[in-house]
DNA sequence: CGCGCTCTTGAAACTCTTCAACCTCGGTGG
DNA sequence: CCACCGAGGTTGAAGAGTTTCAAGAGCGCG
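Protein chains in written order, with the working numbering: chain A, 1 to 264; chain B, 1001 to 1264.
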């Protein structure tokens, strides 16, 4: 597992007209405009009053292998990342060295926002599978005020969104039992797949059972038991990481989302 | 309990030279410069490159009485608030109508950030005691990009801070037992009092036991039992809401903060 | 092929919640 | 002035849910 600076080695991005020779890693030159996630990663493209400036500073990194770090807890904060493909987890370490997962990040989602206000990343980010990200270099927003109103707003909105998600997770962790937590977790994942126009009721979990447990504040064994119980109840069909949601409505009811389901 | 719009009735702020006649509510005219919390609420005043513009838009509201709402869950997002005096709690409602507390807000701290990216406040904010706030009208940061770099940065930093605090709370809720939660809660409060140059080891809790429980994901009875146990262990002395921390170090150890204690 | 990791399952142990009772205190009204 | 009342707080005992410990099955990979 390499460290951030090596791991995220940036490509030289070719400008629109300029034709550069292929670099060693032979990665595709990319533009946000070409990206299949553009509408998700940069929503409201009508809002593009930066004249393309925002896009110019976003660069795609070389792919991360499974188990590779995007950044580590304590690293100097450089930039925020948008996931292009694959999946990441962010986590910190507890006193006894146990890994405590704070989030999973799928394509079209941003990673690293929590480091924004300070000099360092407060958690580590690691690839759960072959993963590609786009790097949004911000240095310190403090020292170098962004002159890109569009991107700034987008970041603001994402942070606010993450704040609300976090609060909802806190409610989940304080008040919900194991069944409700797993149900909510599956429904949440389902919605995130749907937002990418992927099958919402049939997907592959990018994380292990024990990672689900760490995220939801449950022991692995409990996660496993709940999965088994859900299958007996015909709510889901699961085979390893492959999951079919058989009864989405019942599952949603079980999850019992209440505060604000609507992401606005 | 009144609604936001009535509750937060703004004063006309007098300009520096202009002498206006007292208004009916006879509240003191205030400036950020005069505020005892200025260095906390607006840290790094050397950084004041807005030429005072940021300060101009901040207005102090009339005091809220205990039990009065600052805003309600679902209200349209108008502004962020800085607490001047008193204390607030923010909370949502669960399916069964139970109140779920997401945070306590003491003087010098901001309230309402989680509504920033959307049109509405995702939680309610209510005064735990006589409370005064300063209103920072932002409308929608989206539509009306702030031209106040200093204030914008301050908000950014606060959101990021809140993100990290939230993640730490999630760790607390997933992994810590009742003793550890209460210890962490007291240590956190202690630090927040200290940052205002108030006694860090002797303070009055602005919230009820059941509110502590709601915040920490514990039953009231559990909170009460832990308080009793801590007193038997001579970690604290508590009489109602009045708390003395007798053994700050032991309490910190018990709390076992690990991820990032340093607020940067 | 076997080793290790993941996942599953069972039984015991433990923590926290729930239910119920009681206490204290401050406010209110007789 | 005192009794009453309700809210907040404390304490005990029973019960539920989850963790922990232990063992075994499945599976991929060197």
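By construction, the Cβ of each residue, glycine as well, lies at the ideal position given by its N, Cα and C atoms.
Which listed residue (the options) has its alpha carbon closest to that of residue i
i	options	result
residue 1218 of chain B	A:234, A:170, A:208 and A:190	A:170
residue 1158 of chain B	B:1113, B:1180 and B:1097	B:1113
residue 1121 of chain B	A:121, A:228, A:161 and A:72	A:161
residue 1239 of chain B	B:1233, B:1247, B:1227 and B:1248	B:1227
residue 224 of chain A	A:191, A:99, A:206 and A:179	A:179
residue 1251 of chain B	B:1196, B:1189 and B:1070	B:1189
residue 1164 of chain B	A:202, A:208, A:177 and A:118	A:118
residue 1081 of chain B	B:1116, B:1256 and B:1191	B:1116
residue 87 of chain A	A:69, A:78, A:61 and A:127	A:127
residue 1192 of chain B	B:1106, B:1100 and B:1241	B:1106
residue 61 of chain A	A:132, A:256 and A:125	A:132
residue 1123 of chain B	B:1166, B:1072 and B:1172	B:1072
Short CB-CB distance (under 8 Å) between residue i and chain A
i	result
residue 1223 of chain B	no
residue 1089 of chain B	no
residue 1156 of chain B	yes
residue 1209 of chain B	no
residue 1197 of chain B	no
residue 1123 of chain B	yes
residue 1167 of chain B	yes
Per-residue burial, residue i [other beta carbons within 10 Å of its own, 16 or more giving buried]
i	result
residue 1067 of chain B	exposed
residue 1109 of chain B	buried
residue 1253 of chain B	exposed
residue 194 of chain A	exposed
residue 241 of chain A	exposed
residue 177 of chain A	exposed
For residue j and residue i, the rounded distance between their alpha carbons
i	j	result
residue 1198 of chain B	residue 1063 of chain B	22 Å
residue 1234 of chain B	residue 74 of chain A	36 Å
residue 1174 of chain B	residue 183 of chain A	17 Å
residue 134 of chain A	residue 1156 of chain B	22 Å
residue 232 of chain A	residue 244 of chain A	13 Å
residue 220 of chain A	residue 1237 of chain B	39 Å
residue 1201 of chain B	residue 103 of chain A	35 Å
residue 211 of chain A	residue 1085 of chain B	42 Å
residue 95 of chain A	residue 1205 of chain B	28 Å
residue 1181 of chain B	residue 1101 of chain B	15 Å
residue 1130 of chain B	residue 1070 of chain B	12 Å
residue 1021 of chain B	residue 154 of chain A	Because the pLDDT of residue 1021 of chain B is 36, which lies under 50, any placement of that residue in the model is unreliable, and the question is left without a value.
residue 59 of chain A	residue 216 of chain A	33 Å
residue 1229 of chain B	residue 1249 of chain B	17 Å
residue 1093 of chain B	residue 208 of chain A	32 Å
residue 213 of chain A	residue 222 of chain A	8 Å
residue 1255 of chain B	residue 1168 of chain B	12 Å
residue 1125 of chain B	residue 1090 of chain B	4 Å
residue 78 of chain A	residue 152 of chain A	15 Å
residue 1111 of chain B	residue 1136 of chain B	10 Å
residue 1187 of chain B	residue 246 of chain A	46 Å
residue 97 of chain A	residue 76 of chain A	21 Å
residue 1035 of chain B	residue 166 of chain A	32 Å
residue 99 of chain A	residue 1185 of chain B	22 Å
residue 1172 of chain B	residue 1196 of chain B	25 Å
Residue-chain proximity (residue i, chain B), Cβ-Cβ < 8 Å
i	result
residue 114 of chain A	yes
residue 254 of chain A	no
residue 46 of chain A	Residue placement at residue 46 of chain A is flagged as unreliable, the pLDDT there being 43, under the threshold of 50; the coordinate-derived value follows with that caveat. For residue 46 of chain A, the answer is no, since every Cβ of chain B falls outside 8 Å of its Cβ.
residue 164 of chain A	yes
residue 161 of chain A	yes
residue 24 of chain A	Low local confidence applies: a pLDDT of 36 at residue 24 of chain A is under 50, so the model's placement there is unreliable, with the coordinate-based value given in what follows. Not one chain B Cβ lies under 8 Å of residue 24 of chain A.
Closer than 7 Å: residue i CB and nearest the ligand NAP heavy atom
i	result
residue 1070 of chain B	The model on display carries no ligand, and the ligand NAP is accordingly not part of it.
Name, going along the chain, the residues of the segment 169–190 of chain A whose beta-carbon falls closer than 7 Å to a beta-carbon of chain B. 169, 170, 171, 173, 174 and 175
Contact set between the segment 1055–1086 of chain B and chain A, restricted to residues whose Cβ is under 9 Å from the partner: 1073 and 1074
Taking Cβ-Cβ distances below 9 Å as the criterion, which residues of the segment 1227–1242 of chain B are in contact with chain A? none
Taking a cut of 7 Å between CB atoms, which residues from the segment 97–109 of chain A lie near chain B? 100 and 102
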